[in-house]
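Asker:
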Amino acid sequence: MRTIVDRYRVTDGKGFRLEHYDPRDTAGHLVRREDADAMLAHGVERLSQLQEKLYAQDRWSVLCVLQAMDAAGKDGTIKHVMSGVNPQGVQVTCFKAPSEEALSHDFLWRAVRALPARGHIGIFNRSHYEDVLVVRVHPELLETQHLPPELVGKNIWSERLESIAAFERYLARQGVVVLKFFLHLSKEEQRRRFLARLEEKDKYWKFSANDLSERAFWDRYRHAYQEAIAATASRHAPWFVVPADNKWFTRLVVVAAIIDALEALDLRVPRPTAAQLEALEAARVALEAEATGA
Ligand code: ATP
Ligand code: MG
């Protein structure tokens, strides 16, 4: 599984080119479609074991950021990848259009409030990156953000990206493992998925007219993603450019990347101290005494 992850991990933005990544890629001979379901089930099980240790150790936390164009499969990926983990240890936060309260704060405020506690996994379904993606594509949105005009200059996007990189470096130094996933969908596959949503009654709810209008800005989004990944990929907060035209493969890469990062932490259930062992022994003696009525 590790070799699959290595293909899509970006730890240095220098020279990063989105066009070097094929949304249809399925890692050639490394994975066979017929083995994928079993591999995913195995990955989900492994993730569940690792998450238990993460929780018990209560030191590290994991932040998974999911970004993508519409219909790339964020929701399905979260559902499948997290299907085995204890819900108490995982929080999913969806970043929709910001509320008035959010707009009256700095753009990282929402993200900070949703950060996972130690021992927890936080999933951001969209994230603080929207402020250098949708807002970059539609710069008129900046006007809703109540910024002092002299701070809105021509370098605003590179400044924001610098702030995001600094924020993520800070998080890494605080024990937050930051993993960022761009589910990389082709324009043609998006067209097919939108059509499928329009053809099946059960999928109508997934379609919004807004999806089609954003599709018209495809190239501008692509440019914004290119810039964002190039400016914020680092060893301590890597991006994974995950091929998204085949859902079975997307899920496999995401689960493998999270497992890989957790395995690198050498997680262990904490050993009891001498005082705790004494307390445990006293509890055992007390409980046994109850049963014998002594
Ligand atoms: P689905 O993929 O299931 O449709 P979604 O994540 O697209 O889910 P929507 O409610 O359809 O959810 O869309 C949320 C919208 O909010 C997106 O268009 C996104 O770009 C927008 N959004 C998120 N953050 C911001 C932000 N900071 N400023 C402006 N718009 C934002
Ligand atoms: Mg949507």
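In terms of the numbering used here, the sequence shown opens at residue 726 and continues consecutively.
Note that beta-carbon positions come from the ideal geometry of N, C-alpha and C, so glycine has one too.
I'd like to check one pair, Gly814 with Leu772: are the Cβ atoms closer than 8 Å?
Answerer: No, these two residues do not count as a Cβ contact at 8 Å.
Asker: If the criterion is Cβ atoms closer than 8 Å, does the pair Phe741 and Ala958 meet it?
Answerer: Yes.
Asker: Suppose the cutoff is 8 Å on Cβ atoms and the five residues either side in sequence are ignored; what does the same chain contact list for Arg993 look like?
Answerer: Lys778 and Gln782
Asker: List, from N- to C-terminal side, the alpha helix (DSSP H) runs of 4 residues or more that fit wholly inside the stretch 881-941.
Answerer: 881-898, 912-924 and 934-940
Asker: Below 8 Å on the Cβ atoms is my contact criterion, and I expect Ala890 with Ala956 to pass it. Report the Cβ-Cβ distance as a whole number of Å.
Answerer: About 6 Å separates the two Cβ atoms, so the contact holds.
Asker: What's the call for Tyr733, buried or exposed, on a 16-neighbour Cβ count within 10 Å?
Answerer: buried
Asker: Nearer than 7 Å: is that true of the beta carbon of Lys931 relative to any heavy atom of the ligand ATP?
Answerer: For the ligand ATP, at least one heavy atom lies less than 7 Å from the Cβ of Lys931.
Asker: Taking Ala1023 and Thr818 to be in contact with their CB atoms under 8 Å, please state how far apart those CB atoms are, rounded to whole angstroms.
Answerer: Here the chain has residues from 726 to 1019 only, and residue 1023 is not among them.
Asker: To which residues of the same chain is Ile803 closer than 8 Å at the C-beta, ignoring the five residues directly before and after it?
Answerer: Cβ within range, chain order: Leu791, Val817, Ile848 and Asn850.
Asker: Does the contact criterion of 3 or more C-beta pairs under 8 Å hold for the stretch 751-761 versus the stretch 860-870?
Answerer: no
Asker: Of the residues Thr998, Leu908 and Ala822, which one's Cα is nearest the Cα of Arg671?
Answerer: Residue 671 lies beyond the residue range present for the chain, which begins at 726 and ends at 1019; the question has no answer from this structure.
Asker: Would Arg940 pass as a contact of Leu765 if the rule is Cβ separation under 8 Å?
Answerer: no
Asker: Hey, how far is the Cα of Gly900 from the Cα of Leu858?
Answerer: 27 Å
Asker: Is any heavy atom of the ligand ATP found at a distance shorter than 7 Å from the C-beta of Phe820?
Answerer: yes
Asker: Glu759: beta carbon under 7 Å from a heavy atom of the ligand ATP?
Answerer: Outside the cutoff, so no.
Asker: For Asp760, which residues from the same chain have a beta carbon less than 6 Å from its beta carbon, with the 5 sequence-adjacent residues on both sides left out?
Answerer: The answer is none, since no qualifying residue turns up.
Asker: Starting from the C-beta of Asp731, find all residues in its chain whose C-beta is less than 8 Å away, skip the five residues before and the five after it, and write them out in chain order.
Answerer: Its chain contains no residue whose beta carbon lies nearer than 8 Å to that of Asp731 once the 5 sequence neighbours on both sides are disregarded.
Asker: Would you grab the beta carbon distance between Phe907 and Ala793 for me? Rounded to a whole angstrom, and I think it's under 8 Å.
Answerer: 7 Å
Asker: Mind checking if Phe820 is an interface residue toward chain D, Cβ cutoff 8 Å exclusive?
Answerer: This model lacks chain D altogether, as it is built from one protein chain only.
Asker: DSSP beta-bridge partners for Ile846?
Answerer: For Ile846, the beta-bridge partners assigned by DSSP are Val787 and Val815.
Asker: Buried or exposed for Ser786, going by 16 or more other Cβ atoms inside 10 Å?
Answerer: When all chains shown are included, Ser786 counts as buried.
Asker: Measure the beta-carbon distance from Val979 to Val967 and round it to whole angstroms, keeping in mind my assumption that it falls under 8 Å.
Answerer: 6 Å
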